[in-house]
Amino acid sequence: MKGKEWYQADDVAEEYDAKRFSRGGRLIDRREKQAVLDAIGPVEDRSVLEIACGTGRFTVMLAERGADIVGLDISDAMLAQGRAKAHQAGVDDHVEFMRGDAARLPFPDNHFDTVVAMRFFHLAPTPRKFMAEMARVSKEQVFFDTFNDFSTRVLYNRLLPMGSHLYGRDEVENLLDSAGLELGDAEHDFVLPYGFYRKIPDAMAGQFRKLDTTIGGSSLGKKLCSVSYWNARVA
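This is the structure we're talking about:
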């Protein structure tokens, strides 16, 4: 099972957070959330669209900080998890969850201040079309991440249950240019792949993270990083 079929399965949604963000995966969750917050800055009263919001990790986090946010996903099962999180956090009035196709966003041009897509582009079958739609509905900013083609991610990518596309910087810049977006800044992280962290206890993950960031801070390490965060502006 690959791509959309794998992602939309009910059992995948039910187990998604537990499998990816328990044990050492908690460290990944913290780092990804910080990357989003650093890129967007203060979010109170800002309108935000999250593409492929999944179980609502980022959606609820931003709503708790005052954003008016729409979480869009193709999976009903994932959206159900997100709605439950929003209700538990008491932010139902700041969040709307919608089922939809990121290639045909049901919003007018320039509708949101910021559009965010995390853990999305490695599964995107038509990335150029998705990027164009994200740029179309954003007034100011598009923030997203990719898994990188010259990295440790390559070592186990073929073993994953879904087809996973890896990107180089040139490909990302071409995507942005085709959508009328300008790259503001980028961060590159995680020399050790996500899959490694998910296999070890959280306390142990912290020790490996120190080594990871030391290597990642070197010129060679930056080239080997498996994840990139891209912060783009609407031209």
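Residues 1 to 235 in the UniProt record's numbering are what the sequence shown lists, from first letter to last.
Positions of the beta carbon are idealized from the N, C-alpha and C atoms, including for glycine.
Between the beta-carbon of V234 and that of L181 there is about 6 Å, and that keeps the pair under the 8 Å contact cut. Remark: fewer than three beta-carbon pairs, one from each stretch, lie closer than 8 Å, so the stretch 85-94 and the stretch 116-134 are not flagged as touching. A contact between stretches requires three or more CB pairs, one per stretch, nearer than 8 Å, and the stretch 208-226 meets this requirement with the stretch 186-194. The beta strand (DSSP E) runs lying completely inside the stretch 52-120 and spanning 3 residues or more are 68-73, 95-99, 112-117, given in chain order.
It is roughly 14 Å from the alpha-carbon of P108 to the alpha-carbon of G100.
Here DSSP, grouped into helix, strand and coil, assigns E182 to strand. Here L175 is buried: its Cβ has 16 or more other Cβ atoms, across all protein chains shown, within 10 Å. R104 and M131 have their C-alpha atoms some 11 Å from each other. In the structure shown, E133 adopts helical secondary structure according to DSSP, grouped into three states.
Contact between I28 and Y197 holds: CB atoms are separated by about 6 Å, below the 8 Å threshold. Under the 10 Å beta carbon count, A124 is surrounded by 16 or more other beta carbons and is classified as buried. Note on geometry: alpha-carbon atoms of F97 and M61 lie some 14 Å from one another.
DSSP, reduced to helix, strand and coil, places A235 outside both helices and strands of the structure shown, so it counts as coil. With a contact defined as Cβ atoms closer than 8 Å, I51 and L72 qualify at about 6 Å. As a beta-bridge residue in DSSP terms, Y229 pairs with D145, E187. For T126 and P106, the gap between their C-alpha atoms comes out near 18 Å. DSSP places E140 within a strand segment (E or B) once states are collapsed to three. Sixteen is the threshold: when 16 or more other Cβ atoms of the shown chains lie within 10 Å of the Cβ of K85, as they do, the residue is buried. As computed with DSSP, V48 is found in a beta bridge with I69, T114.
In this structure, D45 places its C-beta atom within 8 Å of the C-beta atom of G66.
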